[in-house]
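Participant: Can you read through this structure? Questions will come right after.
Numbering (this note's numbering), first residue to last: 6 to 321.
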């Protein structure tokens, strides 16, 4: 057990290094000039050359990466090309906003998945199963920004129940904060629930065909009591493992959604970095999202190791 955990921790470090290298190269090959984006299209060649030398953009890419990675290890992600403000504190300020949105969306996704997935599994190959499976496929196929636009029109513009966007810190007004997060959480959570509903359904169907369930059924226990008392609890183990991994992808899915709802999180910072060709901002924001995904996957892997070591050995 300890050796497996240490192995997971040791493989995490090179994974982070490789991810940071890929991310650094991807950011630097983004079309457009960071120098002209910062100085303007009428900047002279001398000004562009001076800017690139000042920020090390004229150095080989390998040297740029080594210098950036060394500073990033100490929490220094550089200064924004646009306004010369330290990027690290800005990411730190926006990170809780993104985590709150992802957390609320995760609750929506898991709530829908457990209820609808269990219902579909209980009525396997019957009308409710067919309907719920179709709904899950639809949920997984709809872009979250399209669903967000539909929700804004219905609940904000038409009914006037919720704000169209904006963000109020929970420290200032908790009620206003939650009201502003409802629509983006639903848009993100509903789309993510499509996969989880199918996972929950499949897991429950497998458990319901297990030997101990057949034994309990032969003793006259009703299917409803079997599901609530035995099957559902066992079906939740693989479901929760997949759900935890899905949380990492929820964080990565906030990029466009935060811009739609004008939420000042990490996702909107990524868009700002892309539009302005602001490499330090884009790198720091994208790396923060990448680290959340990697750390979440690591924790899930460790949790799976502790819950069922045989599953991990079989996978290896």
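C-beta: ideal position from N, C-alpha, C; glycine also.
Starting from residue 99, follow the alpha helix (DSSP H) in both directions and report where the run begins and ends.
Facilitator: It spans 92-127 - the alpha helix (DSSP H) in which residue 99 sits, taken as one unbroken run.
Participant: How would you label residue 63, buried or exposed, when you count the other beta carbons within 10 angstroms and need 16 or more for buried?
Facilitator: With fewer than 16 Cβ atoms within 10 Å of its Cβ, residue 63 is classed as exposed.
Participant: Where do the ends of the alpha helix (DSSP H) carrying residue 208 lie?
Facilitator: Per DSSP, residue 208 belongs to the alpha helix (DSSP H) from 179-213.
Participant: Can you give, in chain order, each stretch of the alpha helix (DSSP H) that sits fully within the region 258-287 and has at least 4 residues?
Facilitator: 259-265 and 271-281, all fully within the region 258-287.
Participant: Identify every run of the alpha helix (DSSP H) within the region 41-87, keeping only runs that are complete inside it and at least 4 residues long; order them along the chain.
Facilitator: For the region 41-87, whole alpha helix (DSSP H) runs of length 4 or above, ordered along the chain, are 50-59 and 66-78.
Participant: With a CB to CB cut of under 6 Å and the five nearest residues on each side skipped, what residues in its chain are close to residue 289?
Facilitator: Contacts found: 82, 92 and 96.
Participant: Tell whether a beta-carbon distance below 9 Å holds between residue 258 and residue 197.
Facilitator: In this structure, residue 197 lies closer than 9 Å to residue 258 by Cβ.
Participant: Does the count of Cβ pairs from the region 148-162 and the region 67-81 closer than 8 Å reach three?
Facilitator: Touching, no, given that fewer than three Cβ pairs across the two stretches are closer than 8 Å.
Participant: What's the call for residue 293, buried or exposed, on a 16-neighbour Cβ count within 10 Å?
Facilitator: Burial call: buried.
Participant: Might you give, ordered along the chain, the residues of its own chain that have their beta carbon closer than 7 Å to the beta carbon of residue 319, omitting 5 neighbours on each side?
Facilitator: Residue confidence for residue 319 is low, a pLDDT of 49 falling below 50, so the modelled location carries little weight; the figure read from the coordinates is stated next. Excluding residues within five positions, none has a Cβ falling inside 7 Å.
Participant: Hey, how far is the Cα of residue 226 from the Cα of residue 172?
Facilitator: About 51 Å.
Participant: With residue 150 as the anchor, note down where its alpha helix (DSSP H) starts and where it stops.
Facilitator: Segment 149-156, the alpha helix (DSSP H) holding residue 150.
Participant: Distance check for residue 270 and residue 149, CA to CA, integer angstroms please.
Facilitator: Rounded to the nearest angstrom, the two C-alpha atoms are 17 Å apart.
Participant: List the endpoints of the continuous alpha helix (DSSP H) containing residue 230.
Facilitator: Segment 228-231, the alpha helix (DSSP H) holding residue 230.
Participant: Exposed or buried, what is residue 139 when buried is set at 16 or more other beta-carbons lying within 10 Å of its beta-carbon?
Facilitator: When all chains shown are included, residue 139 counts as exposed.
Participant: Rounded to the nearest angstrom, what separates residue 116 and residue 239 at their Cα positions?
Facilitator: If you take the alpha carbons of residue 116 and residue 239, they lie about 17 Å apart.
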